[in-house]
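Enquirer: What follows is a single structure, and I will ask about it in a moment.
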């Protein structure tokens, strides 16, 4: 319990009559990179805003290093670096002025300031724009200045709302690399709806849909927890034509097979999808089952379920909300 | 306190980095200058009477114009989220913005000191009412900036904030102009609520705690409501 840097308990948030969060629970230990996934409007941003103390929960609470955010707003905020969505910045300030302002508000001791500034300029790559007006910066640089602002006080916790949105592929790669480096010592929550981003950077994935937590697992766990899919093409061995029911029935027999569904009839046989448990390789069992049922196996290919499929299944099954 | 000053410093430099402050202060000086010159040169009297009698009304118009962007702009651009998720209290945010707004208006008032000084070089000037007048203007400005900030927390649109603050200020300014039409007892109440009535008391050179109390309560109530509005944005 002590090791939880962020903890969220039964978080509920209403905006007027609409309920944005319907009871969210999770906790994040030190040094973990957590990816928040979910369709737009699922409640990712709202959850982050509650943890950072910008919004108050309707019920439930958020704790940062064991302290309730609502009762200890200043202490908890001091440990958090937060980059809101779209990186809102004071456009009338120069980058250097803005970082000075943040350092003043954060009361960073003068002795550390120079070293922190140097590190931020280097890490975020903003050395060339320090004397430029923020309003004139490109989206990529704004995002970097926002990151520098979030990290300048060397916080233990970083909360980044869509840190790579609007960046070009090179910039995305750089930010991801930065996030992975930061994740070695910091606790990090980042939201995104870019799935490869989660695969590339996160230790753990939390999927929120329609205000509820629908999955909380490692990337690996999410991709395999659903089982593996084996695409099979079968044909009759003898003269007698294939009977669909019999094929399904016979391939279903092995214990390792969860379900069988016919995809369609092809010229040379019947295409069937077999869903198996992830832990076992069901191909051998399917082969045996096919022989026993007097079927010829023309093709067999094992595929792991992609994160994208899992995401779509989890976020679309009850609402029918299409992204 | 230091965070309040940090915020105030940022806001002041934001004012003078944009044409806004120059335009508003410039327009204020232009109109107040006309009031001064029209008495001194056209009417030929070495007096600041018309300057002091109409400048409160000018402040009713110009203070909201200075204050309107203070919170609205942060609501519009989303920077309020950036600011209020740093370890800073809502009270410090509002106090810092108040100090910045007041500094801008005070810098405008400071420049009008040229008028009494120029009169003093050519004739006898009774400094008592001048000092009282400026103290009164400063108090008016403080209360009106407070009202302007309060209105600024209500809308992400600066113009809406300006019009709301202007209406509140005008009503407060008009209160003692309508006492003639209402029963005497109500008239007393209206007079006490009037921003101009208390100004005239102070401008006479008589510093009464009742007048000071009026301005300070007006200011504190507006700033308190501004903090409250900021807090409600979190809910």
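Residue numbers (this note's numbering), protein chains in the order written: chain A, 3 to 325; chain B, 1250 to 1484.
Backbone N, C-alpha and C define an ideal beta-carbon position, used for all residues, glycine too.
Does any CB atom of chain B fall closer than 9 Å to the CB of residue 77/A?
Expert: Against the first chain, residue 77/A aligns to sequence position 75. Yes, its Cβ sits closer than 9 Å to a Cβ of chain B.
Enquirer: For residue 321/A, I'd like the list of residues in its chain whose CB is within less than 8 Å of its CB, leaving aside the five on either flank, ordered along the chain.
Expert: Here residue 321/A corresponds to residue number 319 of the first chain, with the count starting at 1. Any reading at residue 321/A must be qualified, since the residue scores a pLDDT of 46, below 50, and its modelled position is unreliable; no value is offered.
Enquirer: Give me the residue from 1290/B, 1296/B, 1265/B with the minimum Cα distance to residue 1369/B.
Expert: Position 120 of the second chain, counted from the first residue, corresponds to residue 1369/B. Comparing Cα-Cα distances from residue 1369/B to each of 1290/B, 1296/B, 1265/B, the minimum goes to 1296/B.
Enquirer: Keeping to the same chain, check which residues put their C-beta closer than 6 Å to that of residue 1476/B; ignore five residues upstream and five downstream.
Expert: The residue you call residue 1476/B lines up with position 227 of the second chain. For residue 1476/B, where only same-chain residues beyond five positions count, the Cβ hits under 6 Å are 1339, 1340, 1343.
Enquirer: Quick test of the definition: if touching needs 3 or more C-beta pairs under 8 Å, does the segment 1279 to 1286 of chain B touch the segment 1297 to 1310 of chain B?
Expert: Touching, per the Cβ criterion.
Enquirer: For the segment 1324 to 1340 of chain B, which residues have a beta carbon sitting closer than 9 Å to at least one beta carbon of chain A?
Expert: The segment 1324 to 1340 of chain B vs chain A, Cβ under 9 Å: 1326, 1327, 1328, 1329, 1330, 1331, 1332, 1333, 1334, 1335, 1336, 1337, 1338.
Enquirer: Taking buried to mean at least 16 other C-beta atoms within 10 Å of its own C-beta, is residue 1267/B buried or exposed?
Expert: As a first step, residue 1267/B is located in the second chain; it is residue number 18 there, counting from the start. So residue 1267/B ends up on the exposed side.
Enquirer: Taking Cβ-Cβ distances shorter than 7 Å, what residues in chain A pair up with residue 1259/B?
Expert: Sequence index remark: in the second chain, residue 1259/B carries index 10 (1-based). The answer, in chain order, is 103.
Enquirer: Closer than 9 Å, CB to CB, is residue 1426/B near chain A or not?
Expert: In the second chain, counting from the first residue as 1, residue 1426/B sits at position 177. No, its Cβ sits nowhere closer than 9 Å to a Cβ of chain A.
Enquirer: Within 9 Å of any Cβ in chain A, is that where the Cβ of residue 1402/B sits?
Expert: Translated into positions along the second chain, residue 1402/B becomes position 153. No, residue 1402/B lies away from the interface with chain A (no Cβ there is under 9 Å from its Cβ).
Enquirer: What is the DSSP secondary structure of residue 2/A, counted as helix, strand or coil?
Expert: Given that chain A is displayed from residue 3 to residue 325, the structure contains no residue 2/A and the question cannot be resolved.
Enquirer: Give me the Cα-Cα distance between residue 1469/B and residue 1395/B, rounded to the nearest whole angstrom.
Expert: As a working note, residue 1469/B is residue 220 in the second chain. As a working note, residue 1395/B is residue 146 in the second chain. Taking the straight line joining both Cα atoms gives about 8 Å.
Enquirer: Taking only beta carbons into account, state which residues of the segment 82 to 95 of chain A come closer than 8 Å to chain B, listed in chain order.
Expert: Hits within the stretch, in order: 82, 84, 86, 88, 90, 91, 92, 93, 94, 95.
Enquirer: Measure the CB-CB distance between residue 1384/B and residue 1456/B and report whether it falls below 9 Å.
Expert: The residue labelled residue 1384/B in the question sits at position 135 within the second chain. The residue labelled residue 1456/B in the question sits at position 207 within the second chain. Contact: yes.
Enquirer: Is residue 1251/B close to chain A? Criterion is C-beta to C-beta, closer than 9 Å.
Expert: Walking along the second chain from the start, residue 1251/B turns up at place 2. Yes, residue 1251/B counts as interfacial toward chain A.
Enquirer: Report yes or no: do the segment 1356 to 1369 of chain B and the segment 1319 to 1330 of chain B share at least 3 C-beta pairs separated by less than 8 Å?
Expert: Too few Cβ pairs lie closer than 8 Å, so no.
Enquirer: Any heavy atom of the ligand COA closer than 8 Å to the beta-carbon of residue 293/A?
Expert: Among the components modelled here there is no ligand, and therefore nothing to report on the ligand COA.
Enquirer: Kindly identify the DSSP beta-bridge partner or partners of residue 209/A.
Expert: Mapped onto the first chain, residue 209/A falls at position 207. Answer is 39/A, 217/A.
Enquirer: Compare the C-alpha of residue 1331/B against each of 249/A, 121/A, 162/A and name the closest.
Expert: As a working note, residue 1331/B is residue 82 in the second chain. Of the candidates 249/A, 121/A, 162/A, the one whose C-alpha sits nearest the C-alpha of residue 1331/B is 162/A.
Enquirer: List the endpoints of the continuous alpha helix (DSSP H) containing residue 114/A.
Expert: Translated into positions along the first chain, residue 114/A becomes position 112. Unbroken alpha helix (DSSP H) run through residue 114/A: 112 to 126.
Enquirer: Excluding the 5 residues flanking residue 1/A on each side, which residues of the same chain have their C-beta closer than 8 Å to its C-beta?
Expert: Because chain A spans 3 through 325 in this model, residue 1/A falls outside it and cannot be assessed.
Enquirer: Assuming residue 97/A and residue 128/A make a contact with CB atoms under 8 Å, what is their CB distance in whole Å?
Expert: The sequence position of residue 97/A within the first chain is 95, counting from 1. The sequence position of residue 128/A within the first chain is 126, counting from 1. Contact holds; Cβ gap of about 6 Å.
Enquirer: Under the assumption that residue 7/A contacts residue 189/A (Cβ atoms under 8 Å), give the Cβ distance between them as a whole number of angstroms.
Expert: Counting from 1 along the first chain, the entry for residue 7/A is found at position 5. Counting from 1 along the first chain, the entry for residue 189/A is found at position 187. So it is a contact: roughly 4 Å between Cβ atoms.
Enquirer: Going along the chain, which residues of its own chain have a beta-carbon closer than 6 Å to the beta-carbon of residue 1264/B, five neighbours each way excluded?
Expert: The residue labelled residue 1264/B in the question sits at position 15 within the second chain. Closer than 6 Å at Cβ, skipping near neighbours: 1270, 1353.
Enquirer: Please list, in chain order, the chain A residues whose beta carbon lies closer than 7 Å to that of residue 1266/B.
Expert: On the second chain, residue 1266/B is found 17 positions in, with the first residue counted as 1. Here the neighbours are 94.
Enquirer: Can you name, in chain order, every residue of its own chain whose Cβ lies under 8 Å from the Cβ of residue 103/A, other than the five neighbours on each side?
Expert: Position 101 of the first chain holds residue 103/A. The residues are 92, 95.
Enquirer: May I have a chain-ordered list of the alpha helix (DSSP H) segments no shorter than 4 residues that lie completely inside the segment 1377 to 1426 of chain B?
Expert: Fully enclosed alpha helix (DSSP H) runs of 4 or longer: 1407 to 1423.
Enquirer: What separation, rounded to the nearest whole angstrom, lies between the Cα atoms of residue 1448/B and residue 1262/B?
Expert: If you number the second chain from 1, residue 1448/B lands on position 199. If you number the second chain from 1, residue 1262/B lands on position 13. The straight-line gap from Cα to Cα measures roughly 30 Å.
Enquirer: Going along the chain, which residues of its own chain have a beta-carbon closer than 7 Å to the beta-carbon of residue 325/A, five neighbours each way excluded?
Expert: Start at 1 with the first residue of the first chain, and residue 325/A comes out as number 323. Below a pLDDT of 50, predicted positions are generally treated as unreliable, and residue 325/A, at 37, falls in that range; the measurement from the model is reported next regardless. Same-chain partners within the cutoff: 41.
Enquirer: Compute the Euclidean distance between the alpha carbons of residue 56/A and residue 304/A, then round it to the nearest angstrom.
Expert: For this step, residue 56/A is matched to residue 54 along the first chain. For this step, residue 304/A is matched to residue 302 along the first chain. In a straight line, the C-alpha of residue 56/A is about 47 Å away from that of residue 304/A.
Enquirer: Name, please, each residue of chain B whose Cβ falls closer than 8 Å to the Cβ of residue 80/A.
Expert: Along the first chain, one-based indexing puts residue 80/A at 78. What residue 80/A touches in chain B: 1336.
Enquirer: By the criterion of Cβ-Cβ separation under 7 Å, what are the contact partners of residue 106/A in chain B?
Expert: Stepping through the first chain from its first residue, residue 106/A is reached at position 104. Residues of chain B passing the Cβ test: 1255.
Enquirer: According to DSSP, is residue 20/A part of a helix, a strand, or is it coil?
Expert: Along the first chain, one-based indexing puts residue 20/A at 18. Three-state DSSP puts residue 20/A in a strand.
Enquirer: DSSP three-state call for residue 1364/B: helix, strand or coil?
Expert: Your numbering for residue 1364/B matches position 115 in the second chain. Of the three classes helix, strand and coil, the one that applies to residue 1364/B here is helix, per DSSP.
Enquirer: Candidates 294/A, 82/A, 274/A: which alpha carbon is nearest residue 155/A's?
Expert: One-based indexing of the first chain puts residue 155/A at position 153. When only C-alpha atoms are compared, the closest one is 82/A.
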